[in-house]
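Visitor:
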Amino acid sequence: MHSRRRFLQLGSLGLGTLPFLSFKGNTSAVRKPIVISTWDAGIAANKAAWEVLRKGGRALDAVEAGVMVTESSQNCCVGLGANPDREGIVTLDACIMDEFANCGSVAALERIKHPISVARRVMEKTPHVMLVGQGAQQFALAEGFPLEESKLSDDAQKNYTEWLKKSEYKPVINIENRKEHGPFAPSRFDNGEWNHDTIGMVALDANGNLSGSCTTSGMAFKMRGRLGDSPIIGAGLFVDNEVGAATATGQGEDVIRIAGSHTVVELMRQGLSPEQACKKAVERIIRIKGAKAKDIQVGFIAINKRGEYGGYCIQKGFNYAVCYADDKNLLVDGKYIL
Ligand code: ASP
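Following this note's numbering, the residues of the sequence shown are numbered contiguously, the last one being 362.
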């Protein structure tokens, strides 16, 4: 991901302004459409999603189009340009969920550029929810997705070569505000420690329907076959059209432990705001991890049916992008606990 700004950034989308209902706390007004997504790559992704939403399009189409932007970009941790596993192979995980609780997922998918679109096909064209590995690739090819080269991107090759010097397997996720990292750019990945990020996106469309998407290469230099939370419905992503939608980023193992995104949605069902729900889920992880919580990062973001949004993370450094008007695409620093 690019620089991690610690301030609210206004990003103009360069489009005419559409009217939207003003939204004040717990009034009855609903802010829609709205789309939010993890990290600063979410600004560009939201922009593509907003193109769909502003025309009255479906949230499902928006969240697919949005994260495809990140999958196409050179990114440390999303898409085929991302860092590989410890065998030097890029494996991708993605899932998608719509307003009818339809969902689809692919995991450990190789050489396919848009895992999110394959996940959508799994949802729409198969009786299953998840396809993994070779079977997922076989399905993608049968659906007409092209097989891409297996060559690593230049950045990923450089990072992998560097990592191989020690070949240390570090399942511990980096903490963004550690001084040694500095602002991230793929070419600056020189210490083998910047090892995660995911784009998770949730949207509420003009019709008041919710959908979400999540796509990642998972943890860099992971064990071959390792899956995190991102392709798992209920962990990396969950949508309940009666309540809200949530998605996660960070150390997937610990998101799975608490069925993270599902937990956030259930907490919203109990009446918590998106921010409060994300906070409670983060607190649960911290309680489970005890002293080790300081070594990991997990962030959740969520929206509810009223278009309220929020995010929370374990520690400083996480941000997310929020778009709800032509000229409102904001980068928001996640509140943190430790
Ligand atoms: N959640 C992803 C995983 O564990 C990684 C991340 O979001 O940083 O695979």
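Backbone N, C-alpha and C fix where the C-beta goes; we use that ideal spot for every residue, glycine too.
List the endpoints of the continuous alpha helix (DSSP H) containing F163.
Guide: Unbroken alpha helix (DSSP H) run through F163: G157 to A166.
Visitor: In chain order, what residues of the same chain lie with their CB nearer than 8 Å to the CB of S97, ignoring the 5 residues before and after it?
Guide: For S97, where only same-chain residues beyond five positions count, the Cβ hits under 8 Å are A65, A68, G103 and G105.
Visitor: Applying the criterion that 16 or more other CB atoms from any shown protein chain within 10 Å of the CB defines a buried residue, is E111 buried or exposed?
Guide: Burial call: exposed.
Visitor: Please determine, among D357, F169 and V263, the residue with the shortest C-alpha to C-alpha distance to L234.
Guide: Closest option to L234, Cα to Cα, is V263.
Visitor: Determine the contact status of Y344 and G358, defining contact as a CB-CB distance below 8 Å.
Guide: Yes, the pair counts as a contact, with Cβ atoms nearer than the cut-off.
Visitor: Taking the C-alpha atoms as reference points, what is the distance between D319 and M243?
Guide: So the alpha carbons of these two residues sit roughly 15 Å apart.
Visitor: Can you have a look at E332 and say buried or exposed, based on whether 16 or more other CB atoms are within 10 angstroms of its CB?
Guide: It counts as buried.
Visitor: Let me know if P151 comes out buried or exposed under the rule of 16 or more other beta-carbons within 10 Å of its beta-carbon.
Guide: Exposed, because fewer than 16 other Cβ atoms sit within 10 Å of the Cβ of P151.
Visitor: Cβ of Y184 within 8 Å of Cβ of P108?
Guide: Yes, they are a contact pair.
Visitor: For D278, which residues in the same chain have their Cβ closer than 7 Å to its Cβ, ignoring the five residues on either side in sequence?
Guide: Correct list, in chain order: I309, K313, I320 and V322.
Visitor: Taking C-beta to C-beta, are E369 and S129 nearer than 8 Å?
Guide: Lying before the first or after the last residue shown, residue 369 is absent from the chain, which here runs from 25 to 362.
Visitor: In terms of residue numbering, what span does the alpha helix (DSSP H) encompassing V279 cover?
Guide: From DSSP, the alpha helix (DSSP H) with V279 extends over G276 to R281.
Visitor: In this structure, does DSSP put D64 in helix, strand or coil?
Guide: D64: coil per DSSP, three-state reduction.
Visitor: Mind checking F163: buried by the 16 CB within 10 Å criterion, or exposed?
Guide: F163 is buried by the Cβ-count criterion.
Visitor: Under a Cβ-count criterion, where at least 16 other Cβ atoms within 10 Å of its own Cβ denotes burial, should P170 be classed as buried or exposed?
Guide: With fewer than 16 Cβ atoms within 10 Å of its Cβ, P170 is classed as exposed.
Visitor: By the three-class DSSP mapping on this structure, what secondary structure does L116 have?
Guide: Here L116 sits in strand by DSSP.
Visitor: Suppose you measure from the CA of K175 to the CA of A315; what does that come to, to the nearest Å?
Guide: Each residue's alpha carbon lies about 40 Å from the other.
Visitor: Among Q181, A259 and G268, which has the Cα closest to the Cα of C100?
Guide: The shortest C-alpha separation from C100 is found at Q181.
Visitor: Figure out for me which residue from K79, W74, R250 and T94 has the closest Cα to the Cα of D351.
Guide: Closest option to D351, Cα to Cα, is W74.
Visitor: In three-state terms, what does DSSP make of D357?
Guide: D357: strand per DSSP, three-state reduction.
Visitor: Is Q339 near the ligand ASP, judged by its Cβ being under 7 Å from some heavy atom?
Guide: No, since every heavy atom of the ligand ASP falls outside the 7 Å radius drawn around the Cβ of Q339.
Visitor: Could you tell me which residues DSSP puts in a beta bridge with Y348?
Guide: Its beta-bridge partners do not exist; DSSP assigns none.
Visitor: Per DSSP, which one or two residues make a beta bridge with M225?
Guide: S61 and S237.
Visitor: Can you give me the C-alpha to C-alpha distance between Q158 and C119, rounded to a whole angstrom?
Guide: Answer to the nearest angstrom: the Cα atoms are 17 Å apart.
Visitor: Pull up the CB-CB distance for V93 and A86, whole angstroms please, since I reckon it's below 8 Å.
Guide: At roughly 12 Å, the Cβ-Cβ gap does not stay under 8 Å, so V93 and A86 are not in contact.
Visitor: Whole angstroms is fine: what's the gap from K340's alpha carbon to A230's?
Guide: K340 and A230: Cα-Cα distance of roughly 33 Å.
Visitor: For A259, which of helix, strand or coil comes out of DSSP?
Guide: Three-state DSSP puts A259 in coil, outside helix and strand.
Visitor: Does the beta-carbon of Q294 have 16 or more other beta-carbons within 10 angstroms, so that it is buried, or is it exposed?
Guide: Its Cβ having fewer than 16 others within 10 Å, Q294 is exposed.
Visitor: For S285, which option in V114, S254 and L84 has the closest C-alpha, if you only look at C-alpha atoms?
Guide: For the residues V114, S254 and L84, the minimum Cα distance to S285 belongs to S254.
Visitor: Grouping DSSP H, G and I as helix and E and B as strand, with all else coil, what is M243?
Guide: Reduced to three states, the DSSP call for M243 is coil.
Visitor: Relative to the ligand ASP, is the shortest distance from any of its heavy atoms to the C-beta of M247 smaller than 7 Å?
Guide: Not so, every heavy atom of the ligand ASP lies at least 7 Å from the Cβ.
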